[in-house]
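Each residue of the sequence shown is one higher than the one before, counting from 93 in our numbering.
Using N, Cα and C, we set each Cβ at its ideal position, and we do this for glycine too.
On a predicted model such as this, the values are computed, not experimentally measured, just so you know.
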Amino acid sequence: MLSKEKAVAWRAMLSVSQQKSKDCYQSPAAGMSGSTRLVIQAVHVGLAVLRPIVKVVGRKHLERPMAWLESKVKGVMFDCQMCGNCMLNLTALRCPTRCKKQIRNGPCGGVRQDGTCELDPTMVCAWRDIYEHNGELLPDRLPPREFNFEGRSTWIAEALEGMPSVMPLPAKREVPAGRLEQDLASGDFVLTGEVAPGTAANASAVLTQAELLAPWVSAINATDAAGANAALSSMASCALMARNGYTAVLQMTCRDRNRIALQNDLLSATALGIENVLCLTGDGVANGDHPGAKPVFDLDSVSLIAAARTMRDGGTFMSGRALNAPPTYYIGGVENPFAPPFGARVQRLKKKIDAGAQFVMTQLVYDLPQFELFMEEVRRVGLDRRCHILAGVGLLTSPKTANWISKNVPGICIPDEIIKRLESAEKPMNAGIAITVEILRRMRTMEGLAGVHLMFHPSRLNLLGEILAQAGLDTKEGRRRNFAPELVGAESKAIA
Ligand code: SF4
C-alpha cells in the first residue's frame, strides 16, 4: 500500500512542479522574428526571379556559377558547407548540419538540462536553437540528407523543382497483429521489458534474462549496442528470442548503420519472426567503448520510422524499389519527456506518430511530477488516442549508482529528493524498491498511459516478481483496466 505520507509527498511535489512549469510542455505560438521572416521572404522572391532565367539560360550553364555564388553568400552568412540539401527557410535560417548527430528532425533525447548538446557541452543544441528561432515550432518531418547532392546549387534546384519539405508516406496497410499489438489493443495495462545482450558469443545471457522477464511481460526488447558499447547484436538476440517463443522488439539505432543497412535489417526482422521494431536515433559514440568510431547517423529516428512504414505499408524501399514481400512488423519509437526544450517534446512525439510510430517507449521516469505534466499535454493534444505510450521504469539500488547515472547518462533526470532518500536509507536497495513500487502504482492509474517498459539491470531481474507483486501488477487481474485498486491511495485518477 502507498502510505498516506508518501501520497501526500507525491502530491506536494506535483503541485510545486505545476506551479513552476505548468506550461513547460506547451509551445506558445510566439512566431518567428520579423528579420528572419523578412530574409525568408526575400529568398522566395529571389527564387521566383531565378526560375525563368534558369529556364531560358539552361541549368547546365548556370549550375557552376550559381553554386560558386551560393557558397560565397551562404558561406559568409551561415558558414555553409554546400551540402546541397539546404532547408534554411524551414529551419529559421539555422543550419541543422551543426547538429552533432546530423539529425534532420531533432532535438534528440540527449540534450543536457542547460540546453547544450549531449556531445559537445560547449555548444547550444542546434535543434533547440532552431526550435526557439522558429517561433517555438519544429519544422515538419524533414527528409534525410541526400549525400550525392553535395556541392550542388540548391537555389537552382529549389527554383526549378522546389525542395521536398515533408517526407512522403504511403497509406496505412492492415497487417496481422502480433502479441504486443493485441495486448495493447485490449486496453489492459501492459508490461514490456528488455534484455542486455552482453558480450558472449552465445545465447545464454539473452535467454536467461528473457526467461526471468517472460512471466510478466508482453514483449522483450533487445538493446542495440547500448551506450555505444559493442555487444551481441539486437537482431541476433531478437531472432534467438523469437525462436524460443518470446515476443521480441528489435531496437534499431541510426548510429552504426546507413539507410541501406537499416532497411536490410528491417526486411530481415520479419523474415526472422521478429514482430516489433523500435526506432531510435541512438547515443553518440563518445561515451562508448570505441570513442574513435565513425558515427553514421545517415537517418534519424523520425526518418527511420518513416522508412519502416514505407517498407511495410508501401511495399517499397525508401528509394521506391518494390519489395517482393513487405515486412509486417509493429512500429515503435521513443521520447524523452525530461530533455529540454520541453515544449518541443510533445511536438516531436507527434512527428513520430505522424511518421508511423504505433507505440512509444519513454526514457526512464524518476521525476513523476514532471512526467504527469508531459502526459497532461499528450492528452490535451490527443496523442494518447493515436498511439500507445509505455513509460520507462528502472530500479535504483544505491545512491552511488543514482549519482553516477544523473551525472553521466544524458537525458536521464533523477530528482534530488530521490537521491537524498537513497542516501538516508539504512538499506538503499529497499528504498530503491519502494521508489519503483510507488512509481508503478501511480503509473497504473495514469490516464492515457498504456503501460510501462521495465529497464532493470540483468542482475536485478530476479527482483521483478516481488516488485510487481507489491505494485499490484503481478497478475492479469491487477493489470486489468477495470480493476480499481485501493493501493494507489487518495490521489488516484479514474481511468478513461
Ligand atoms: S543535443 Fe542532440 S539534437 Fe542537439 S545538437 Fe546535440 S546531437 Fe544534435
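Check whether LEU354 and MET344 have beta carbons under 8 Å apart: yes
At what residues does the beta strand (DSSP E) containing ALA368 begin and finish? The question names Ala, but residue 368 in the sequence shown is Asn. Run containing ASN368: 368 to 372, per the beta strand (DSSP E) assignment.
Identify which residue in PRO432, LEU560, LEU532 has its Cα closest to the Cα of ARG220. PRO432
Counted within 10 angstroms of its Cβ, other Cβ atoms place GLY581 as buried (16 or more) or exposed: The predicted position of GLY581 is uncertain, since its pLDDT is 39 and thus under 50; no value can be drawn from it.
Could you spell out the range, first to last residue, of the alpha helix (DSSP H) harbouring LEU261? Unbroken run through LEU261: none, as it is neither H nor E.
Cβ pair VAL377, PRO387 closer than 8 Å: yes
Count Cβ pairs between the stretch 363 to 383 and the stretch 218 to 237 that sit closer than 8 Å; are there 3 or more? no
Within the same chain, show all residues whose beta-carbon is closer than 8 Å to that of GLU155, passing over the 5 residues directly before and after it, in chain order. ARG244, SER245, ILE248
Within the same chain, show all residues whose beta-carbon is closer than 7 Å to that of THR420, passing over the 5 residues directly before and after it, in chain order. VAL267, PRO268, THR362, ARG404
If I follow the unbroken alpha helix (DSSP H) through LEU482, where does it start and stop? Here LEU482 belongs to no alpha helix (DSSP H); instead the beta strand (DSSP E) covers 480 to 485.
Neighbourhood of PRO407 by C-beta, 7 Å cutoff - its chain only, sequence neighbours within 5 removed: Note on residue identity: the sequence assigns Gly, not Pro, to residue 407. Within the same chain, GLY407 has close Cβ partners ALA414, LEU415, PRO418.
Here's the rule: buried if 16 or more other CB atoms are within 10 angstroms of the residue's CB, otherwise exposed. What is HIS153? exposed
How many whole angstroms separate the CB atoms of CYS346 and ASP280, which I take to be in contact at a CB cut-off of 8 Å? In fact, because the Cβ distance is near 33 Å, the residues do not count as touching under 8 Å.
For ASN356 and ALA399, I'd like the C-alpha separation in whole angstroms. 11 Å
Looking at the structure shown, is VAL426 part of a helix, part of a strand, or coil, going by DSSP? strand
Return the bridge partner residues of ASN313 from the DSSP annotation. GLU286, VAL341
Could you name the residues, in chain order, whose CB is less than 6 Å away from a heavy atom belonging to the ligand SF4? CYS191, LYS192, LYS193, ILE195, GLY198, PRO199, CYS200, GLY202, VAL203, CYS209, GLU210, LEU211, CYS217, ALA218, TRP219
Note down the Cα distance separating LEU555 from ALA306, rounded to an integer number of angstroms. 14 Å
Reduced DSSP secondary structure (H/G/I, E/B, other) of GLY543: strand
Whole alpha helix (DSSP H) runs in the stretch 488 to 550 with 4 or more residues, listed along the chain? 491 to 500, 508 to 516, 520 to 536
Exposed or buried, what is GLN133 when buried is set at 16 or more other beta-carbons lying within 10 Å of its beta-carbon? exposed
Tell me the residue span of the alpha helix (DSSP H) that contains MET124. Neither: MET124 is in no alpha helix (DSSP H) and is coded neither H nor E.
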